[in-house]
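Going by this note's numbering, the sequence shown opens with residue 163, and the numbers climb by one from there. Yeah, the Cβ is synthetic: ideal placement off N, Cα and C, and Gly gets one too. Computed from a predicted structure; not experimentally measured. Heads up, the thing below is written out as structure tokens.
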Amino acid sequence: MTEENTERKDWSYTSHIGEDLRGIDLSGADLRRAVFDGADLEGADLSGADLRKASFKQANLMKAAFDNADMRDAIFIKARMNLSNFQGAKLDRADLRGIRGRYAIWRKANWWDAKMNDDLRGALSKKWPKE
Numbered sequence: 163m164t165e166e167n168t169e170r171k172d173w174s175y176t177s178h179i180g181e182d183l184r185g186i187d188l189s190g191a192d193l194r195r196a197v198f199d200g201a202d203l204e205g206a207d208l209s210g211a212d213l214r215k216a217s218f219k220q221a222n223l224m225k226a227a228f229d230n231a232d233m234r235d236a237i238f239i240k241a242r243m244n245l246s247n248f249q250g251a252k253l254d255r256a257d258l259r260g261i262r263g264r265y266a267i268w269r270k271a272n273w274w275d276a277k278m279n280d281d282l283r284g285a286l287s288k289k290w291p292k293e
């Protein structure tokens, strides 16, 4: 195993606007305040990552894994998040307005503490009720 694989990636305070990062493994990474606006992160592994105050405006996050990620105060305005996995994610004050994420897995994620459009909130409350 290389040294890079054993250390936690630190991308905090970095910019990746519009970058092609499809399928990247950022599991457990420190991504605090990083900017991924308009980036393509389809199929990315962000499980266990620290995404606090990071920005993903209009990013492609389809099929991405956010299992147990800390997404507090992160911005996902108009991001594509269908078929993503948010199991156990911390979503306090995350801005999910305008996202596409009805067909995602929200089990044990506190989506009700996030900012989102009423239509998405209605759809999620039927399928993933507050526990």
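Exercise for the section: Please classify D207: is it buried, with 16 or more other beta-carbons within 10 angstroms of its beta-carbon, or exposed? Expected result: buried
Exercise for the section: Measure the C-alpha to C-alpha separation of W290 and D212 and round it to an integer number of angstroms. Expected result: 23 Å
Problem - Alpha carbon of G260 to alpha carbon of R170, nearest angstrom - result: 31 Å
Problem - First and last residue of the uninterrupted alpha helix (DSSP H) at G284 - result: D280 to K289
Problem - Residue burial classification, G185 (beta-carbon count within 10 angstroms, cutoff 16) - result: exposed
Problem - Residue from A285, G263 and A271 with nearest C-alpha to R255 - result: A271
Exercise for the section: Return the residue from the list G284, G250, I239 and R242 that minimises the CA-CA distance to W268. Expected result: G250
Handout entry: 9 Å Cβ cutoff met for I179 and K215
Key = no
Exercise for the section: To the nearest angstrom, report how far apart L188 and S209 are at their CA atoms. Expected result: 7 Å
Practice task
State buried or exposed for N279, treating a residue as buried only when at least 16 other CB atoms are found within 10 Å of its CB.
Solution key: exposed
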